[in-house]
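**Q** Residue numbers (the UniProt record's numbering): 1 to 390.
(1) Does DSSP put residue 273 in a helix, a strand or coil?
(2) So what does residue 188 bridge to, in DSSP terms?
(3) Name the residue from 273, 342 and 292 whose alpha carbon lies nearest to the alpha carbon of residue 83.
(4) Three or more C-beta pairs closer than 8 Å, one from the region 93–106 and one from the region 52–64: is that the case here?
(5) Mind checking whether residue 368 and residue 342 have CB atoms under 8 Å apart?
(6) Cα separation between residue 302 and residue 34?
(7) Considering only the beta carbon of each residue, do residue 14 and residue 61 sit closer than 8 Å?
(8) How about residue 181 and residue 109: are their beta carbons less than 8 Å apart?
(9) What does residue 114 pair with, by DSSP beta-bridge criteria?
(10) Could you give the C-beta distance for residue 105 and residue 18, rounded to a whole number, given that I count them as a contact under 8 Å?
(11) Less than 8 Å between the beta carbons of residue 361 and residue 300, yes or no?
(12) Give me the Cα-Cα distance between residue 346 and residue 133, rounded to the nearest whole angstrom.
(13) With a 10 Å radius around its C-beta and 16 neighbouring C-beta atoms as the bar for buried, classify residue 401 as buried or exposed.
(14) Reducing DSSP to helix, strand and coil, say where residue 324 ends up.
(15) Alpha carbon to alpha carbon, what distance is there between residue 215 and residue 145?
(16) Locate the alpha helix (DSSP H) running through residue 304, then write down its first and last residues.
(17) Using the Cα positions of residue 290 and residue 245, report the straight-line distance between them to the nearest angstrom.
(18) Compute the Euclidean distance between the alpha carbons of residue 370 and residue 119, then round it to the nearest angstrom.
(19) Any idea what DSSP makes of residue 103, helix, strand or coil?
(20) According to DSSP, which residues form a beta bridge with residue 368?
(21) Let me check one thing: in DSSP terms, what residues is residue 29 bridge-paired to?
(22) Sorted by chain position, which residues of the same chain lie with C-beta nearer than 7 Å to residue 22's C-beta, five sequence neighbours on each side aside?
(23) Need the endpoints of the beta strand (DSSP E) that residue 288 sits in, please.
(24) Quick check: what's the CA-CA separation for residue 86 versus residue 320?
(25) Here's the rule I'm using: 16 or more other beta-carbon atoms within 10 Å means buried, otherwise exposed. How should residue 111 be labelled?
(26) Is residue 330 helix, strand or coil by DSSP?
(27) Tell me, which residues are paired with residue 76 by DSSP?
(28) If we ignore side chains and look at the alpha-carbon of each, how far apart do residue 317 and residue 228 end up?
(29) Is it buried or exposed, residue 186, if we count other Cβ atoms within 10 angstroms and call 16 or more buried?
(30) Can you tell me whether residue 266 is helix, strand or coil according to DSSP?
(31) Between residue 104 and chain B, is any beta-carbon pair separated by less than 8 Å?
(32) Quick one: Cα of residue 208 to Cα of residue 50, how far?
(33) Quick check: what's the CA-CA separation for residue 168 versus residue 204?
(34) When we look at the beta-carbon of residue 183 and count the other beta-carbons within 10 Å, is it buried (16 or more) or exposed?
(35) Could you tell me which residues DSSP puts in a beta bridge with residue 242?
(36) Where do the ends of the alpha helix (DSSP H) carrying residue 356 lie?
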C-alpha cells in the first residue's frame, strides 16, 4: 500500500434532491449544510459548493474561516443507488468541473435516476482529519398567490399556509414607510424564511399587481432575508395581488444528529450503496455491501470475496450469487453484519435468519437467533425449537 493510502482522510457525502430545479436558477451557487471537524489548529467549519455555468458544473470545498487551504480533494458523483458517474481530482491549479450535459440535458432536465445527485468528497493528504459526514439538501419550488383587500387600511404580515409547506412558513411583510403629496404610498416589502432548516431563497420572483391586474413591481433576488421598496398609488391600493415563485434549498440533514449512532450512519451507507465494493444477488433483488464487513463477520463470505472467482474484471468489486436465502432474510443479515442491529421479527423470520446465519457462518447472528427462539417457545413450535436447538 502506498504512503498516501495509509493517511487518514475524511469523506463527505452530500445528496441533492430535485437537482434539475437548480438549473432554473441560472448561474448561482448552491452550498451544502456546514459540518465541523477537528484539526491541529482547532475546530474548522466546512461546506461544499456547486456552481452551474452555461456549459459546466463545478464543485468546491470551502473552509468557512478561510485559514486552512486544502489543495487535494477527490469529487465522485454517484447515482442514487451508489453507482459511480464521474470522478475528478482537484489540485492547487484547478477545481473539479464536469460538462453540464453529463447531468442535465439541453433543456435543463436531469438525466439522473430519481433526479438525485449524490456528491462524495474525499479529502486527501490530510493526517489530521478523519471521519464520515452525511449531508442532504432538497430543492423545492414554491409558488403562491396572495390577494389582499383594503391594503391601505392594514399594516400586516402574510404567510404561506402550513398546509402547503409542512416544514413551516415563508413570511411576506408589507408595511407603509411613507406617503407623499401626490397620493403615492411608499411600501416596504420583506420576505424571509420563518423556519429552521431553510438556508436560502436561491432564485425568487415577486410580481405585485394592483386591483386592475396591472403590474406595479416585478423584482427578483436571492438572499436569506430580502427587503425592497415599492410605490403604490392610493387609488390602486384597495386591492393587491402578490405572486411569488421561488426555488428554495432545504437542508434536511446536518453533519451529525447528536442522538444518532454509528450504526445509523452505517445503515445509511448500506441502504444507499455508498462506497460499496460488493454486490450480493438473490433471485429477486440485488444488494450493495462492503467486503470489509463481509470478511470480518463471516468466514464463508471472507473466502468468497477473497477468491478470484468472486471478483469481477474490475478486480476490486466482488459479486456473490445467493440462491439459498430469500431477499428479505439476506437484507436483515447484511444490516446485522454491518451494524449488529436486528429488527423485530416473527418466529418464521427468526428461524430463516438462523439457518442462513448457520450456513454462512455469521456466528453472532446465529447465537442471537437461538436466544430469541428459546424465549418464544410455545406448544405450537416446541418441536421446531428442539430441532434448532439440537
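In this text, a Cβ means the ideal position worked out from N, Cα and C, and glycines have one as well.
**A** So, from the data block:
(1) coil
(2) DSSP lists 175 and 229 as partners of residue 188.
(3) 273
(4) yes
(5) yes
(6) Approximately 38 Å between the Cα atoms of the pair.
(7) no
(8) no
(9) Answer is none; residue 114 lacks a bridge partner.
(10) That pair is no contact at about 16 Å.
(11) yes
(12) Taking the straight line joining both Cα atoms gives about 35 Å.
(13) No statement about residue 401 is possible, as the shown extent of the chain runs from 1 to 390 and does not include it.
(14) coil
(15) About 14 Å.
(16) According to the DSSP assignment, residue 304 belongs to the alpha helix (DSSP H) that extends over 299–306.
(17) 44 Å
(18) A direct Cα-to-Cα measurement between residue 370 and residue 119 gives close to 42 Å.
(19) coil
(20) Answer is none; residue 368 lacks a bridge partner.
(21) 51
(22) 30, 52 and 139
(23) Counting along the chain, the beta strand (DSSP E) containing residue 288 begins and ends at 286–289.
(24) For residue 86 and residue 320, the distance between alpha carbons rounds to 25 Å.
(25) exposed
(26) Helix.
(27) In the DSSP secondary-structure assignment, residue 76 is bridged to 87 and 120.
(28) 56 Å
(29) exposed
(30) In the structure shown, residue 266 sits in a helix (DSSP, three-state: H, G or I).
(31) Going by chain labels, chain B is absent from the structure shown, which holds only one protein chain.
(32) 32 Å
(33) For residue 168, the predicted structure reports a pLDDT of 44, less than 50, and the residue's modelled location is therefore unreliable. The matter cannot be settled from this model.
(34) exposed
(35) 146 and 208
(36) 347–359
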